[in-house]
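See structure below.
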Amino acid sequence: MARPSTPKLSTNAIADAALGLVDARGEFTLPQLAKELSVSASSLYNHVQGKGEIIELMRGRAMAEIELPDLGQVSWQEAVRAIAMEYWASYSKHPRLIPLLTSHTVRDSTTLRVYDALAEALALAGIEPGRRLQAITIIDSFVLGSALDAAAPKIVWEASAESSSYFKEALDAGLADSNRPKATFELGLDMLLGALGRQATADSDGA
């Protein structure tokens, strides 16, 4: 009887399996990943250098879902909005991946193309280079934080007897909205774009 062939490994298969583990458990180890793929842990090193590279592969899988706008066809505000919305939608599906990403330098080429597009849109807005990086960091933090909010329990806050009437009113009104995470993200994005527009004007006036 012929021996069964060993499952063929690839970086895509490794990334998909690792992402599945992270979605389910919030973490992964190389032995767990090898078991998921029905291979030995040592065989993983024929395709990746270690856990850090696998985390970057997972980052790329999430960012690959983002369709970039044509910057020649839309305004910078429309471009930033479109990128941020798709970025949020992608990471809302994989919120447990976010904590793993924050401790690793971004090197994935698929991810960097998204930052390239953001930088170009902000340059078209007139934001000077130093503030451009600050703006990208702000967008990044806002999107990822909002993606975590989308994965939070429906009752995020529970008022105490000492809570103010203002907070209780906010909870009663806000938590009744089943679309609260997305509506909150869109409101915050509107505010962020407004602030970026004012900064662009200030940078242009100071040029």
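Just so we're aligned, residue 2 is where the sequence shown starts under the numbering used here, counting upward by one. In this text, a Cβ means the ideal position worked out from N, Cα and C, and glycines have one as well. Keep in mind the model is a prediction, meaning the values are calculated, not measured.
Problem set entry | Test: T103 CB closer than 7 Å to a CB of chain C | Reference to chain C is not applicable here, since this structure consists of a single protein chain.
Problem set entry | Cβ pair count under 8 Å reaching 3, the stretch 34-48 against the stretch 15-22 | yes
Problem set entry | Exposed unless 16 or more other CB atoms sit within 10 angstroms - verdict on M2 | The predicted model places M2 with a pLDDT of 47, which falls under 50 and marks its position as unreliable, so this point remains unresolved.
Exercise. When burial is assigned at 16 or more other CB atoms within 10 Å of the CB, is R62 buried or exposed?
Worked result: buried
Problem set entry | 7 Å CB neighbourhood of W89 in its chain, flanking five on each side removed | V144, S147, A148 and F186
For this session: May I have the straight-line CA-CA distance separating S164 from E170, to the nearest angstrom?
Result: 10 Å
For this session: Within its chain, find whatever has a CB closer than 8 Å to the CB of Y116; leave out the 5 residues flanking it on each side and keep chain order.
Result: V107 and I137
Exercise. Are A120 and R132 close, meaning C-beta to C-beta below 7 Å?
Worked result: no
Problem set entry | Contacts around S166, its chain only, beta-carbon distance under 6 Å, and the 5 residues preceding and following it disregarded | none
Problem set entry | Backbone CA spacing between E68 and A122 [nearest angstrom] | 15 Å
Problem set entry | Status (buried if at least 16 other CB within 10 Å, exposed otherwise) for P182 | buried
For this session: Report the residue from E159, N180, A19 and A118 whose alpha carbon sits nearest the alpha carbon of P70.
Result: A118
Exercise. Per DSSP, what kind of secondary structure is K169 in: helix, strand or coil?
Worked result: helix
Exercise. For the candidate residues L194, V23, A25 and I55, whose alpha-carbon lies nearest to that of I128?
Worked result: L194
For this session: Could you work out which residue in A201, V157, M64 and L176 is closest to S110 when comparing CA atoms only?
Result: M64
Exercise. In three-state DSSP terms, what is N47?
Worked result: coil
Problem set entry | Assigned secondary structure, T111 (DSSP; H/G/I helix, E/B strand, else coil) | helix
For this session: Report all residues from its chain with a CB closer than 8 Å to the CB of P5; omit the five preceding and five following residues, and keep chain order.
Result: At P5, the pLDDT of 48 sits below 50, so the modelled position is not reliable; the number obtained from the coordinates is stated separately. Within the same chain, P5 has no close Cβ partners at all.
Exercise. First and last residue of the alpha helix (DSSP H) that includes S147?
Worked result: P130 to A151
Problem set entry | Cβ-based neighbour list, L31, same chain, cut-off 7 Å, excluding 5 preceding and 5 following | A42, L45 and K52
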